[in-house]
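Peer 1: Numbering (the numbering used here), first residue to last: 170 to 314. Ideal Cβ positions, reconstructed from N, Cα and C, are used throughout, including at glycine. As the structure is a computational prediction, the values presented were derived from the model and not from experiment.
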């Protein structure tokens, strides 16, 4: 699989690296590069939220300092590791974040992008429910037996 090749693993590790993103925050703050600083902070936030939701496919969040991979008991996609539940929580967090930030966004482009992201998440959620990947009735009934 292409994803497993060293080039791609190192590229993914670079963009999930907390030490590299923190260095980016420090450097961009020092030089007054506000957009780069925001980008680096968003990389840190993404990595911190990403860390607890990868099981078999865990990233190296401390690259290049360490090749350690935190193997979480949860996965955002794998049903063997609570994937449907984690995926639902993720979609709800995106909705809540949109509600909180929508009023802060002044640009109609920004507001449109928030709406588009939420519509795409809604479509994905409805698809998963329809395809019975997320079947709350069966999960609830199974847990009572």
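Considering only C-alpha positions, which residue in the set 257, 218 and 189 is nearest to residue 239?
Peer 2: Translated into positions along the chain shown, residue 239 becomes position 70. If we check each option's Cα against that of residue 239, 218 comes out closest.
Peer 1: Check whether the stretch 191-209 touches the stretch 220-231, counting contact only when three or more Cβ pairs, one atom from each stretch, lie closer than 8 Å.
Peer 2: Contact between the stretch 191-209 and the stretch 220-231 is absent, because fewer than three Cβ pairs lie under 8 Å.
Peer 1: When you compare only the Cα positions, how much space is there between residue 308 and residue 292?
Peer 2: By one-based count along the chain shown, residue 308 stands at place 139. By one-based count along the chain shown, residue 292 stands at place 123. The predicted model places residue 308 with a pLDDT of 49, which falls under 50 and marks its position as unreliable, so this point remains unresolved.
Peer 1: Where does residue 234 fall in DSSP's three states?
Peer 2: Sequence index remark: in the chain shown, residue 234 carries index 65 (1-based). In this structure, residue 234 counts as coil in the three-state DSSP scheme.
Peer 1: Take every Cβ of the stretch 279-295, pair it with every Cβ of the stretch 264-271, and state whether three or more of those distances are shorter than 8 Å.
Peer 2: Touching, per the Cβ criterion.
Peer 1: Going by CA-CA distance only, name the one from 251, 259, 214 and 261 that's closest to residue 190.
Peer 2: Here residue 190 corresponds to residue number 21 of the chain shown, with the count starting at 1. When only C-alpha atoms are compared, the closest one is 214.
Peer 1: Can you tell me where the alpha helix (DSSP H) holding residue 178 begins and where it ends?
Peer 2: As a working mapping, residue 178 is identified with position 9 in the chain shown. Counting along the chain, the alpha helix (DSSP H) containing residue 178 begins and ends at 175-184.
Peer 1: Which residues in the same chain as residue 274 place their Cβ atom closer than 6 Å to its Cβ, once the five residues preceding and following it in sequence are excluded?
Peer 2: In the chain shown, the residue the question calls residue 274 occupies position 105. 280, listed in sequence order.
Peer 1: For residue 188, collect the residues of the same chain with a Cβ closer than 8 Å to its Cβ; drop the 5 residues on either side in sequence, then sort them by chain order.
Peer 2: The sequence position of residue 188 within the chain shown is 19, counting from 1. The answer, listed in chain order, is 231, 232, 233 and 234.
Peer 1: Rounded to whole angstroms, what is the Cα-Cα separation between residue 181 and residue 300?
Peer 2: Position 12 of the chain shown, counting from 1, holds the residue named residue 181. Position 131 of the chain shown, counting from 1, holds the residue named residue 300. About 30 Å.
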